[in-house]
Amino acid sequence: MKREALKLVIITGLSGAGKTQALQSMEDLGFFCVDNLPPSLIEKFVDLCAQSQGKIDKAAIVCDLRGGDFFSSLNQALEDLQEAGYQYEILFLEASDDVLVNRYKESRRRHPVSPKGNVLEGIHKERQYLADLRGNASKIIDSSDLTTIQMKEKIRNLFGKEYDPARMSVSVVSFGFKFGIPLDADTIIDVRFLPNPYYLKELKPLNGKDKAVRDYVLLNPTTSDFIGRFFHMLEFILPLYLKEGKSHLVIGIGCTGGQHRSVAIAEKTAEFLQMNNYSCVINHRDIKG
């Protein structure tokens with residue numbers, strides 16, 4: 002990979018302003034993320050990314066005052082990156098004094114600049130220490146009034162594509178209601194109203210992955226109508242889940258025993274999701290054989 006092709010973001014800023022949350026949001030966007038990396042190791046890390054043969058094409062690194070004396074070498078490390086031919090952006094996180102003080106009170110953590118002193122004093126010292134770095138920042142986020150979802154949206158707008166289905170992974174789980182509902186399911190679809198192959202002697206020993214069962218279930222007019230409505234619902238809700246910052250969704254599809262109808266519908270659903278560029282994993286929890 003050419004060095005200029007690597008997308009690199011350095012995340013820094015005031016303690017308590019949301020750098021960890023920002024890093025998690027970057028990870029959801031597909032960035033390879035490292036927290037609290039000493040500046041002296043940045044160029045070595047970036048070299049490894051560039052030599053990964055395209056496996057790592059974007060990375061985000063948090064560097065802040067938790068690094069103590071190591072942090073003072075950050076400016077030099079960034080100059081070294083430029084000289085080596087690497088391009089980077091600096092994302093600076095900040096918040097108002099009163100918000101930061103309240104966050105420290107809630108977390109009961111000590112401020113890294115003033116571990117034994119006044120939190121507000123530490124915040125003021127940190128602002129002065131980081132003033133030059135803030136001035137060189139490519140992007141600045143004030144997290145004072147941002148909720149978790151709003152922070153994710155900010156990061157997504159700054160560093161992600163407007164809408165990329167591949168950013169959301171969807172797990173489709175078929176199951177039998179008589180064995181219980183999957184505890185991690187976000188959405189449950191009950192398909193027990195569909196014609197049941199269980200009552201046909203030749204289909205009973207088969208499952209929903211077998212062609213005979215699939216045809217019996219999927220070619221039924223009621224099923225065709227249901228699938229059209231169900232897939233239309235997915236087209237509507239999945240982008241909204243993504244907009245809310247959800248990176249993984251579990252769809253449970255259940256019938257009585259988890260052998261026939263739910264399996265056939267789950268297989269069809271996975272095909273639909275893959276056709277629409279969603280990363281999809283399918284699991285038939287209660288299938289036999």
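Following the numbering used here, the numbering of the sequence shown begins with 2 at its first residue and continues without gaps. Virtual Cβ for every residue (Gly too), placed ideally from N, Cα, C. Note that the structure is predicted; figures quoted are calculated from it, not measured.
- [ ] Throw me the rounded Cβ distance for the Arg193 and Cys256 pair, which I believe falls under 8 Å.
- [x] 5 Å
- [ ] May I ask you to list the residues that DSSP assigns as paired with Phe176?
- [x] Gly255
TODO: Mind checking who Leu90 pairs with in its DSSP beta bridge?
DONE: For clarity, residue 90 is Glu in the given sequence; the question names Leu instead. DSSP lists Val10 as partners of Glu90.
Open item on the list: So, at 6 Å on beta carbons, what are the nonlocal neighbours of Lys140 in its own chain, with the 5 sequence-adjacent residues on each side left out?
Closed with: Leu92, Leu159
Task: Spatial distance of Gln54 from Asp48 (CA atoms) - done: 11 Å
Task: Thr1 - partner residues in DSSP beta bridges - done: Outside the shown range of the chain (2 to 290) lies residue 1, about which nothing can therefore be said.
Open item on the list: Can you give me the C-alpha to C-alpha distance between Ala18 and Arg230, rounded to a whole angstrom?
Closed with: 44 Å
TODO: Give the DSSP-derived three-state secondary structure of Asp226 in the structure shown.
DONE: helix
TODO: Sort out for me which residues DSSP pairs Cys64 with in a bridge.
DONE: Paired residue(s): none; Cys64 is not in a bridge.
- [ ] Under 8 Å by Cβ, that's how I've got Gly251 and Pro183 pegged, so tell me the actual separation to the nearest angstrom.
- [x] Residue identity differs from the one stated: residue 251 is Val in this sequence, not Gly. Confirmed, Cβ separation roughly 7 Å.
Task: Contact check, Ala96 vs Leu15, beta carbons under 8 Å - done: yes
Task: Alpha-carbon to alpha-carbon, Glu122 and Met169 - done: 42 Å
Task: In DSSP terms, what Ala59 is bridged to - done: The sequence shown places Lys at residue 59, rather than the Ala named in the question. Lys8.
- [ ] Count the CB pairs spanning the stretch 219–239 and the stretch 253–272 that are closer than 8 Å, and state whether there are at least three.
- [x] yes
Open item on the list: Which residue wins for smallest C-alpha separation from Leu204, given the options Tyr89, Lys155, Val214?
Closed with: Val214
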